[in-house]
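First the structure, in the form of structure tokens, and then the observations on it.
Protein chains: 2
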Amino acid sequence: MKEARYFYVPNAVTETELPADEATHALRVLRLKEGDELFLIDGEGGFFRAEVALTTSKKCVYTIKQTLKQEPTWRGGIHLAIAPTKDMGRMEWLVEKATEIGFNKISFLDCKFSERKSLRVDRIEKIIISAVKQSRKGWKPVVEPMIPFHQFIDNCTSAGQKNICHCYSEISKLDFFTEANQSLEEDILVLVGPEGDFSFDEVRYAMEHGFKSVTLGESRLRTETAGLFAVMISQLARRV
Amino acid sequence: MKEARYFYVPNAVTETELPADEATHALRVLRLKEGDELFLIDGEGGFFRAEVALTTSKKCVYTIKQTLKQEPTWRGGIHLAIAPTKDMGRMEWLVEKATEIGFNKISFLDCKFSERKSLRVDRIEKIIISAVKQSRKGWKPVVEPMIPFHQFIDNCTSAGQKNICHCYSEISKLDFFTEANQSLEEDILVLVGPEGDFSFDEVRYAMEHGFKSVTLGESRLRTETAGLFAVMISQLARRV
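Keeping their order, the protein sequence lines are chains A and B. To convert a position in the first sequence, counted from 1, into this note's numbering, add 4. To convert a position in the second sequence, counted from 1, into this note's numbering, add 4.
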């Protein structure tokens, strides 16, 4: 089965044809024809074997033949909130790799020391969808637009473990891997700061709002490396 | 202290001046002058505070003022042997990230299904040195040139834990994280295959030569993601 025959189709069960861009790929690149087999991923745990029922110059209508069950491979939701790096390429590889490893949500933070103040969510979304297909995940991580740090903290009213990574030696830190191994059924959220770290006040504000001060270890990591390491640690702790 | 004032100087104690390329950077870019402070990393655990003693148009002579002790932050040597991806960019980020996280050696394997049959070690070395300086590591990971898979296995006569990651469902696999948590003082070696995986015979050959058959988990990972995940898992298991 060719890699390329995996398609991302939100609401695959209620829909009957591939979304426009996926249809173009199916018809122009793969030249799929009536009766050809394809696989649909709805991004919410649904994974389907389907068949091309009808094609026109722009449309690719399918019939679902089989629902392939995909069990979650980790417990609780893994949520990374990160201040994007100046170099967008570094964020793009982070989301590709984190998607392969497996996580549920990414949010982008506008912090005091952020070098990047805006970000194209559609581009991030595209990379995530590609990685979802490539790694054949049933779930697509959710992408949230960039918001100011304090607003993000204020919005964090849901239950679950909340953690903030930082490098201030004056503030005592718990080991993130140890923390991730607690309360395994709960959602876990981890915050990673910009190149210049969170400000001291941002760390304090998060801690006053129920965030634990944590460290990923002794190594001095770039922002995107820290983000990926946090996702990998969460995965190792939460996998079933 | 500026990031850029960290210099990689093998044999920093017996040498008295910066290597040519580091001297150029010190003199032309940073415009260091007599009396300026700089930090030297010898790549073998030595970390020094030094002072510029003399400059000429091309030379930068230093005097070591203080030896800063850097304790190892993990136990045993972490050694990754990987079949390089077709796209060199993916290998370059792997070595950058693995260096930040911390590991000791990388080897490159020429496997049956390898899409890349050669590799510029000098380029990899350059990226590693840059990451060593950026993350202020006292130790520089060793880079070994690419060799055929069977030759690599035949050469693996040293003690320590040996592991091979693969995707064959017919061969039973141990969990790599669990294995990495055993015999913590021993060196740990992990093999990661090319895009098309190791051949069945290669996996069998390694197992006949004392390698354990292991898995990194349920996720379908690209070669470079698997390589980095293996290093991160080893780090988490071996850190002090």
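Glycine included, C-beta positions come from ideal geometry on N, C-alpha and C. Remember, it's a predicted structure, so these values are computed and weren't measured experimentally.
Can you give me the Cβ contacts of residue i inside the same chain, cut-off strictly under 8 Å, excluding the 5 residues immediately before and after it?
i: asparagine 185(A); result: Ala241
i: glutamate 190(B); result: Gly80, Ala163, Gly164, Gln165
i: proline 55(A); result: Here residue 55(A) turns out to be glutamate, not proline, going by the sequence shown. Counting only Cβ-Cβ distances below 8 Å, and skipping sequence neighbours, we find Gly39, Asp40, Glu41, Leu42, Tyr66, Thr67, Lys69.
i: glutamate 129(B); result: Val147
Give me, in chain order, the residues of the same chain whose beta-carbon lies closer than 6 Å to that of residue i; leave out the 5 immediate sequence neighbours on both sides.
i: leucine 195(B); result: Ala85, Ile168
i: arginine 120(B); result: Pro88, Lys90
i: alanine 135(B); result: Glu100, Thr103, Glu104
i: glutamate 148(B); result: Ser111
i: phenylalanine 233(A); result: Leu220
i: leucine 36(B); result: Ala30, Val56
i: alanine 71(A); result: The residue you asked about is not alanine; residue 71(A) is threonine in the sequence shown. These residues qualify, in order along the chain: Phe52.
i: leucine 123(B); result: Pro88, Phe112, Met150
Helix, strand or coil: which one does DSSP assign to residue i?
i: glutamine 186(B); result: coil
i: aspartate 179(B); result: strand
i: glutamate 7(B); result: In this prediction, glutamate 7(B) scores a pLDDT of 48, lower than 50, which makes its location untrustworthy; the coordinate-derived value is nonetheless stated afterwards. Three-state result, glutamate 7(B): helix.
i: alanine 230(A); result: helix
i: arginine 224(A); result: coil
i: alanine 210(B); result: helix
i: serine 238(A); result: helix
Examine chain B for any beta-carbon lying closer than 8 Å to the beta-carbon of residue i, and answer yes or no.
i: lysine 62(A); result: no
i: isoleucine 45(A); result: no
i: serine 139(A); result: yes
i: glycine 39(A); result: no
i: isoleucine 105(A); result: yes
i: threonine 229(A); result: yes
i: arginine 79(A); result: no
i: arginine 243(A); result: yes
i: lysine 101(A); result: yes
i: tyrosine 10(A); result: no
Take residue i and list the residues in its own chain whose beta-carbon comes closer than 7 Å to its own, dropping the five residues that flank it on each side.
i: glutamine 74(B); result: Gly49, Phe51, Gly142
i: isoleucine 175(B); result: Val207, Ser217
i: leucine 58(B); result: Glu38, Val65
i: isoleucine 157(A); result: Tyr209, Ala210, His213
i: aspartate 114(B); result: Lys121, Met150, Ile151, Pro152, Phe153
i: phenylalanine 117(A); result: Pro198, Gly200, Asp201, Ser203
i: glutamate 222(B); result: none
i: lysine 137(B); result: Tyr10, Tyr12, Ile45
i: serine 139(A); result: Thr103, Glu104
i: lysine 177(A); result: Ser217, Val218, Thr219
i: leucine 225(A); result: Phe233
i: serine 187(A); result: Gln165
Give a yes or no on whether the minimum CB-CB distance between residue i and chain A is below 8 Å.
i: valine 235(B); result: no
i: glycine 214(B); result: no
i: phenylalanine 181(B); result: yes
i: tryptophan 97(B); result: yes
i: leucine 240(B); result: yes
i: methionine 5(B); result: Here the model assigns methionine 5(B) a pLDDT of 43, short of 50, so the residue's position is not dependable, and the following value carries that caveat. Answer no: the Cβ-Cβ gap between methionine 5(B) and chain A never drops below 8 Å.
i: leucine 225(B); result: yes
i: glutamate 222(B); result: yes
Just to check, is the beta-carbon of residue i closer than 7 Å to a non-hydrogen atom of the ligand NAP?
i: histidine 170(B); result: Absence of the ligand NAP from the depicted structure is noted, as is the absence of any ligand whatsoever, leaving it without description.
If you scan the region 130-174 of chain A from start to end, which runs of the beta strand (DSSP E) of 3 or more residues do you find wholly inside it? 146-152, 165-169
Complete alpha helix (DSSP H) runs within the region 18-42 of chain A (minimum length 4 residues, chain order): 24-28
Which parts of the region 42-82 of chain A are runs of the beta strand (DSSP E), unbroken and 3 residues or longer, counting only runs that do not cross its ends? 51-59, 64-71
Runs of 4 residues minimum, wholly inside the region 88-134 of chain B: which ones carry the alpha helix (DSSP H) assignment? 92-105
Segment contact flag, the region 16-33 of chain A with the region 55-71 of chain A, C-beta cutoff 8 Å, min 3 pairs: yes
Answer yes if the region 231-238 of chain A comes into contact with the region 226-242 of chain B, meaning at least three C-beta pairs across the two stretches below 8 Å, and no otherwise. yes
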